[in-house]
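Below is one structure, written out as C-alpha cells; comments come after it.
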Amino acid sequence: MCGLVIEHRDGQVVSIKPDRDDVLSHGHICPKAVALKDIHEDADRLRRPMRRTPAGWQEISWPAAFDEIERRISGVRARCGNDAVAIYAGNPTVHNLGAMLGIGDFIRAVRTRNLYSATSVDQLPHMVAAHMMFGHQFLMPVPDVDRAQLFVCIGGNPLASGGSLMSAPGFEKRVEALKARGGRFIVIDPRRTESAAIADEYLAIRPGTDVFLLLALLREICTAGLVDLGHLVDHADGLESLRRAVEGFDPRQLAARTGIAHERIVRLAHEIAAEPRALVYGRVGACTQEFGGLVLWLIYCLNLVTRHLDREGGMMFPEPAVDLTRAYGSKGHYGRFHSRVRNLPEFGNELPVATLADEIHTPGPGQVRALITFAGNPVLSTPNGRQLDRALADLEFMVSVDLYLNETTRHAHLILPPTSPLEHGHYDIALSGFAVRNVAKYAPALFEPPPGALHDDEILAELTLRLGTRPGLQRRKARARRWLPRWLGPEGVLDWMLKTGAYGAEYRGRMKWLSALPGFGGIRRQLTAPDRRPQGLSLAKLSAAPHGIDLGPLEPGLPRRLATADKRLRLAPEAYLADLERAANALRSPPPELVLIGRRHVRSNNSWLHNSQRLVKGKPRCTLLMHPEDAARRGIADGVPVRVRSRVGEVDVAVEITADMMPGVVCLPHGWGHDRPGIRLSVASRHAGVSINDVIDDQRIDALTGTAVLNGTPVEVEAVAA
Ligand SMILES: Nc1nc2c(c(=O)[nH]1)N[C@H]1C(S)=C(S)[C@@H](COP(=O)(O)OP(=O)(O)OC[C@H]3O[C@@H](n4cnc5c(=O)[nH]c(N)nc54)[C@H](O)[C@@H]3O)O[C@H]1N2
Ligand SMILES: Nc1nc2c(c(=O)[nH]1)N[C@H]1C(S)=C(S)[C@@H](COP(=O)(O)OP(=O)(O)OC[C@H]3O[C@@H](n4cnc5c(=O)[nH]c(N)nc54)[C@H](O)[C@@H]3O)O[C@H]1N2
Ligand SMILES: [Mo]
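Numbering-wise (the numbering used here), the sequence shown opens with residue 909 and increments by one.
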C-alpha cells in the first residue's frame, strides 16, 4: 500500500525509494518494499516449472506440467472422490491482483470440502463477527486514526506490521499527529512492543485474557449507565441480551485474571465512553487466542455501545473503489458442514487449517490424498508444523504455485512459479478496502516477463480449466466466467470493477444491462448499489494518476451499508452468547505458569522474506524473549541456548532477557526454521532460526471460529548445554 519510486535501467532495478506524493503513504516505506529488488533478482527464485524426480528437481515445460497435474488429480478423484483433493491458499494470494481475481473460480472449479487458507491463522474472528453482526464477512470497520483522540490498540503492533485490517502506512507519524492534537494512544499487549514504546500508556495483559478485559469494560459501561448507541440506536438488536450476559460476571474476578488492575479497567471504560472520538482496535494477537471469536465480537460491541462505530474518529467502514462487500461472492456462512476428523465448523466454505494434517493422516472415506498449495507456506505458518511437514510427505500428489522451493513446496511433485512482483500490475483490492482513507491506486508492470513465463492468474486459469468438475449448465456458466477474465486479463476485470464501482458513476447507467446476464453476480451487486460520489473512475484514469487518487476521508455509512437481510445490526448473536459459557469456565481453572506468544519484525514478512540479505543482516532475530525474573528462577543467563517445550514439540533457541516481557510470558517470532533439507533458499538457510509453530499446539483452537490459538501456549523452558 506504500507508494514507491523505482528507478531502473536496462531491466535492472537501480533504486527503490518512497513516493513523497503518494495519496496514502506520503513518503513512507518499510524495508519490505526495498526488498522487492532482492526478490526480483534472487537467483533462488524459481523461473520454470519444476518436477521432483528420484534424481532431484528437473525443469519441465508448462504443457507437460499441466498434463501431469490433470492426470494425477483425475486419478486421485476417480479412486477417492473430489474431497480427497485439498487446497491451501496463503496470504500473498490476496495481495496479488491476478491471484485475487482468479482464486475464486479455481476454488469453485476444484469443488472440495477440504479448502484451507491463512485466514484461520489470522483474521477469521473479524470475518465471523462482521458476518454475524453486520451481515457480510468483509464488512469490517477500521480505525479512523487520523481523526481519533483516543486509540486503544489490543493485540496489534502496527509499528512493526504497518497496520493490519488498517492500511495505515507511516503509522508512527499518524500517532505523533494524534498526540500533537492532544489525543492518547494506549497499547494493551503482553510485551512492551515498538508500538507500546511510543504509546501514552502501556497496559501489560496476560495472554489469552482479553475476553475478560473486554467483559469487564462492557460491564462497567452497562452498569454505570454509559451505554450510548448514537445514530445506530434505532438500527441495532440485542442490547438487552448483551447487557444481561456481561452483567453476570464478577468484575474483580475478571480483572484479576488479566493482570490489569480493576481500578484501571473501570477508568478506561469511562475514558472510552467520555471521549467523542475514541476507538478500540484489535488485531492478530486478539484473534489468534483461545477466545479470539468472543474478543473480536466484544471489541465491535464496545465500539458500538460507546457510539464510536461508524463515526468520525472511531471505527469506520471504508468505501473503496472496488468493494469486497459488493463485488465478491458470498456474505459468508458458518457451520454449514464440519470437518471429517475433528468436527470443526466451516466458515465461508473453509475449514480450519489446524486440522489439515488430521485430514491427511486419518484414513477413511474423504481422506485427503492430494494437495494444491497456492502462495502459502503452511509448514512454517500453521500450528504443529512438524506434524504437517510429515503429513505432506505422505500425500500421493502435491502441486505448489510458488516463487520458491521452501519448507512446504519441497514436498510438492510439481512447482509452478509465477512471474516476479515487478512483472505484473498491482492494485491491492483487499487492503484498499481496509485503508484509513478511501484511496485507489494502480501500478503497471515495470518489466516484461521473460518469454514463456506465466502470471499467477494465467496459471490459475489453466488449472481451473483442467481441474473443473462441474457438469452441464454449471460448466457453461463456469466457462463464461473463466473465459471472460482470460480475455480481459486482471487489468480488464479491474477496469470493469472500477467503472461499475461506487466511484465509476458515468459508466454505470450504460452497463446496467450486464447485470441481467448469468454469472455476473458481483458486477450486478456493484451496479445496483447506490451511486456515491461520481468520479468516473476507470483504469485509464488511475493509470494517469501514478501517486493514486484520494477519494476522501472515511464517512459514516450505516445503516445503508448493513448487509443483513433486515438491515439491522445484531449486537448479541446466539453463537457468541453460548460461547460465553466456555469463557466463564476458563475463569475458574488455574492459569498456566509460563506461556508463549509470537512477534513480528519490521524487516520480515511471515516466512518468506528471509532470503533477502538486506532483511536478515544484523544480529540474529529469532530469539526467545524472557523476563529477568523468569530467567533467574530457571538459572538462565542472557544469550544462552534454551529448550522451549510444549505438548507437541520442542525447539532450541538463544534467550534474550528483557523487562519488555511480562513475567510468565516468553516470546518467539514466527516464520523461521529454514534448516530443513531440500529447500533452495541460500540466504535464509544461513539464518535458519527455529519455527515457533513446531511448539504450537494444533489441538488448541478457538472452538467458536476454528481459529488456531497461536498465542498463550503453555511451555516449559530450560537451559541446555551449548
Ligand atoms: N505462530 C504464528 N504463526 C503465524 C502467525 C503468527 O502471528 N504466529 N501469523 C499468521 C498469519 S497472520 C499469516 S497471514 C500466515 C501466513 O501464512 P502463509 O501464507 O502460509 O505463509 P507465508 O509465509 O506468507 O508464505 C507465502 C508463500 O507465498 C509465496 N509467494 C509470495 N508471493 C507470491 C506470489 O505473488 N505468488 C505466488 N504464487 N506465491 C507467492 C512465498 O514464496 C511463500 O512460499 O502465517 C500465520 N502464522
Ligand atoms: N514487517 C512485517 N509486517 C507485517 C507482517 C510481517 O510478518 N512482518 N505480517 C503481515 C500480516 S500477514 C499480518 S496479519 C499483520 C499483523 O499485524 P499485527 O496484528 O499488528 O501483528 P503483530 O505484530 O503480530 O501484533 C500482534 C501483537 O499481539 C500481541 N499479543 C500476543 N498475544 C496476545 C494476547 O493474548 N493479548 C493481547 N492483547 N496481545 C497479544 C503480540 O505481543 C503482538 O505485539 O502484519 C502484516 N505486516
Ligand atoms: Mo496475516
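C-beta: ideal position from N, C-alpha, C; glycine also.
Small disclaimer: the values here were computed from a predicted structure and weren't measured.
Any non-hydrogen atom of ligand 1 closer than 6 Å to residue i Cβ
i: N1022; result: no
i: I1600; result: yes
i: S1289; result: yes
i: Y1335; result: no
i: H1332; result: no
Beta-carbon proximity check, residue i vs residue j, cutoff 7 Å
i: F1046; j: L1232; result: yes
i: D1365; j: G1010; result: yes
i: T1621; j: I1604; result: yes
i: A1186; j: A1124; result: no
i: P1398; j: G1012; result: no
i: G1572; j: A1017; result: no
i: T1263; j: R1250; result: yes
i: I995; j: L1023; result: yes
i: N1211; j: V1188; result: yes
i: R1294; j: G998; result: no
i: V1036; j: A1616; result: no
i: V1625; j: V1552; result: yes
Residue i versus residue j: straight-line alpha-carbon distance, rounded
i: R1199; j: P1098; result: First, the amino acid is wrong: residue 1199 is Phe here, not Arg. Those two C-alpha atoms are separated by around 16 Å.
i: L1488; j: T1214; result: 21 Å
i: W965; j: D950; result: 18 Å
i: D1458; j: V931; result: 6 Å
i: E1128; j: R1345; result: 32 Å
i: P1536; j: D991; result: 50 Å
i: Q1607; j: D1118; result: 21 Å
i: D1538; j: I1505; result: 15 Å
i: H1269; j: T1472; result: 39 Å
i: R1318; j: V913; result: 35 Å
i: I1565; j: P1467; result: 50 Å
i: S1289; j: A1369; result: 27 Å
i: I1062; j: G1070; result: 15 Å
i: L1649; j: P1077; result: The chain is shown from 909 up to 1630; residue 1649 falls before or after that span and cannot be answered.
i: L1279; j: V993; result: 6 Å
i: V984; j: F1305; result: 8 Å
i: E1148; j: M1041; result: 15 Å
Of the listed residues the options, nearest to residue i (C-alpha basis)
i: V1095; options: V1060, T1166 and S1593; result: V1060
i: R1152; options: A1486, V1524, Q1607 and T1531; result: A1486
i: L1204; options: M1534, A1348 and P1481; result: P1481
i: T961; options: G1614, G1586 and I1600; result: G1586
i: N1404; options: L1445, L1375 and L1371; result: Looking at the sequence provided, one finds Trp at residue 1404 rather than Asn. The shortest Cα separation from W1404 among L1445, L1375 and L1371 belongs to L1445.
i: F1079; options: S1451, I937 and E1537; result: I937
i: W1580; options: V1347, L1462, E1315 and L1023; result: E1315
i: K1527; options: F1014, T1408 and R1594; result: R1594
i: L1495; options: T1166, A1037, I1565 and V1503; result: T1166
i: P1359; options: R956, M909 and C910; result: R956
i: L1533; options: P1577, V1524, R1588 and F1093; result: P1577
i: S1515; options: W970, N1285, H1003 and N1257; result: N1285
i: L1303; options: L1324, P1271 and L1330; result: P1271
Closer than 6 Å: residue i CB and nearest ligand 3 heavy atom
i: D1030; result: yes
i: N999; result: yes
Any non-hydrogen atom of ligand 2 closer than 6 Å to residue i Cβ
i: R1508; result: yes
i: G1167; result: no
i: N1519; result: no
i: H1096; result: The question names His, but residue 1096 is Ile in the sequence shown. Yes; taking the cut-off as 6 Å, the Cβ of I1096 has a heavy atom of ligand 2 nearer than that.
i: P1286; result: no
i: I1180; result: no
i: P1066; result: yes
i: N990; result: no
Residue i: first and last residue of the uninterrupted alpha helix (DSSP H) it sits in
i: L944; result: L944 to E949
i: C1061; result: That residue, C1061, is in no alpha helix (DSSP H); its beta strand (DSSP E) goes L1058 to I1062.
i: C1209; result: G1200 to V1213
i: W1580; result: From DSSP, W1580 is part of no alpha helix (DSSP H); its letter is neither H nor E.
i: M909; result: Unbroken run through M909: none, as it is neither H nor E.
i: D1266; result: L1264 to H1269
Opening and closing residue of the beta strand (DSSP E) in which residue i lies
i: T961; result: M958 to T961
i: L1324; result: L1322 to L1324
i: T1001; result: Note, T1001: premise wrong, no beta strand (DSSP E); not H, not E.
i: G1506; result: V1503 to R1507
beta-carbon residue i near ligand 4 non-hydrogen atom, thresh 6 Å
i: S1072; result: Ligands present in the displayed structure are limited to ligand 1, ligand 2 and ligand 3, and ligand 4 is not among them.
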